[in-house]
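Here the sequence shown is numbered in our numbering, starting from 3 and rising by one per residue. Using N, Cα and C, we set each Cβ at its ideal position, and we do this for glycine too. Below is one structure; the comments refer to it alone.
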Amino acid sequence: MVLVKCGSCKKNITKKAPGLVCSRCNITVHSDPSCAKLSNKQINTLRNSPSIEWSCEECMKNVSRRSSFFTPDEEADDDDSVAGSPLNTQQIDTQKLIKDISRELKKTFREEIGNLETSIDFMSEQLSTIDQTLKKHDNKIKELENKNQNLQNINKNLELRVSILEQEVKSFQQKSLSNMVEIAGLPEPSLKDVEKVLETLASELNTNVSDIQSSKCLPSSKDRSGPILVEMKTKAAQKQWIEAGKEKCLSVGTILPDSPKEVAEQRVYIREALTKHLKTLLYNTKAKLNKIVQYIWCRDGKVLVRKGPNTKIYYVRSDNDIELLLNQLDSSKTN
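In structure tokens form, the structure reads like this:
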């Protein structure tokens, strides 16, 4: 280990005799009044304040400005001369240190404040961008909501138009059957000779067989034979046959005398020809309203309902009408 010598007395600097290092020229002297040219109080101040820098006597001679104020040595009287005191140098260094610290603090504060202002400006720009983006999104959402509402309105309009078209198609299909009647209830074997059956039927009803334009057998279902579809020449002839069928109340045995006993008493129906849609609608109406109304029938391709004698007649055009009538008539019955 290299020993450091005192620049004043040329003796070694040791642990028992520590030294002071000049902050300007790096010369080392013993930390005692004789070598450092400082009072014991000044030496203690340097020892207890690591942030205070010390400069040797030679370096202090080169300082351009000196303070005229100093603190006398602790052994000196109040009347001692003030000239040549080394404390003046220490006061200059302390003031310089304070100024340096103040300058550095101001510089640091300026930098920190500048960084803070930059961050605030950046965050402000970000918030402004986010706010603009949110406004754009709000406008876009409102635009989409308006488009969606328009589409819903268009869809409702289309649904209404489709419903109207469906009703018109169904009405047209029913009109194509306006001169036709259905003869139902006859067993399947009898349909082999349709013309003979129609002649017998016309005789029983006291109607003219020449009113018939054409006839055909409809397909049978799983549990019953298919009806005979008869086209009349006029609407009046169709009504005449239907009314005569209601008054006469014919049975299978009346039309087919040789039919088995188990089917001879079955009734034969002469009714208005209906499309599949109207048949289903009539069936659903009877199934749901038969307990709260007395009359359910079909006339001129329309399903009609009447709660009782001399009461209002309701038209049923769809399953929705059935539900409305069910609620309306059932509530009036409760009241």
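Measure the alpha-carbon distance for residue i versus residue j and round it to whole angstroms.
| i | j | result |
| --- | --- | --- |
| Asp140 | Lys149 | 14 Å |
| Ala289 | Leu328 | 11 Å |
| Glu190 | Val199 | 12 Å |
| Lys138 | Ile132 | 10 Å |
| Pro221 | Asn155 | 44 Å |
| Leu291 | Thr313 | 15 Å |
| Ile185 | Leu203 | 10 Å |
| Lys13 | Glu55 | 23 Å |
| Glu168 | Ser130 | 56 Å |
| Val183 | Glu201 | 15 Å |
| Ile122 | Leu136 | 21 Å |
| Pro262 | Ser216 | 29 Å |
| Ser212 | Leu258 | 21 Å |
| Thr30 | Asn42 | 17 Å |
| Arg1 | Lys109 | Since the displayed the chain opens at 3 and closes at 337, residue 1 lies outside it and no answer follows. |
Whose C-beta lies closer than 7 Å to the C-beta of residue i among residues of the same chain, with five residues either side of it excluded?
| i | result |
| --- | --- |
| Lys304 | Tyr317 |
| Ala246 | Leu207, Asn208, Thr209 |
| Leu187 | As written in the sequence, residue 187 is Gly, which differs from the Leu given in the question. Result list for Gly187: Val254, Gln268, Arg269, Val270, Tyr271, in chain order. |
Mapping DSSP to helix, strand and coil, what is residue i?
| i | result |
| --- | --- |
| Leu276 | coil |
| Gly255 | helix |
| Val164 | helix |
| Thr236 | coil |
| Gln154 | helix |
| Gln215 | strand |
| Phe71 | The pLDDT assigned to Phe71 is 43, lower than 50, so where the model puts this residue is not dependable; a value taken from the coordinates is nonetheless given after this. DSSP places Phe71 in coil when its eight states are reduced to three. |
| Leu22 | strand |
| Glu184 | strand |
| Trp243 | helix |
| Leu231 | strand |
| Arg112 | helix |
| Lys290 | helix |
First and last residue of the beta strand (DSSP E) that includes residue i?
| i | result |
| --- | --- |
| Arg49 | No beta strand (DSSP E) contains Arg49, which is instead part of the alpha helix (DSSP H) from 42 to 50. |
| Val305 | 304 to 308 |
| Val318 | 315 to 318 |
| Ile298 | 297 to 301 |
At what residues does the alpha helix (DSSP H) containing residue i begin and finish?
| i | result |
| --- | --- |
| Ala204 | 196 to 207 |
| Cys37 | 35 to 38 |
| Cys61 | 59 to 63 |
| Val31 | No alpha helix (DSSP H) contains Val31, which is instead part of the beta strand (DSSP E) from 30 to 32. |
| Glu264 | 263 to 266 |
Spatial neighbours of residue i within its chain, please: CB distance less than 8 Å, with the 5 preceding and 5 following residues excluded, ordered by chain position.
| i | result |
| --- | --- |
| Pro351 | Nothing can be reported for residue 351, as the shown portion of the chain is limited to 3 through 337. |
| Ser36 | Ser10, Cys11 |
| Ser227 | Leu188, Pro189, Glu190, Leu193 |
For residue i, count the other beta carbons within 10 Å of its own beta carbon; 16 or more makes it buried, fewer makes it exposed. Which is it?
| i | result |
| --- | --- |
| Ala239 | buried |
| Glu274 | buried |
| Gly116 | exposed |
| Leu283 | buried |
| Ile230 | buried |
| Cys251 | exposed |
Near residue i, what residues of its chain come up, given a Cβ to Cβ distance below 6 Å and the 5 sequence neighbours on each side ignored?
| i | result |
| --- | --- |
| Ile315 | Leu306, Arg308 |
So does residue i have its beta carbon nearer than 6 Å to some heavy atom of the ligand GDP?
| i | result |
| --- | --- |
| Asn152 | No copy of the ligand GDP occurs in the structure displayed, which carries no ligand at all. |
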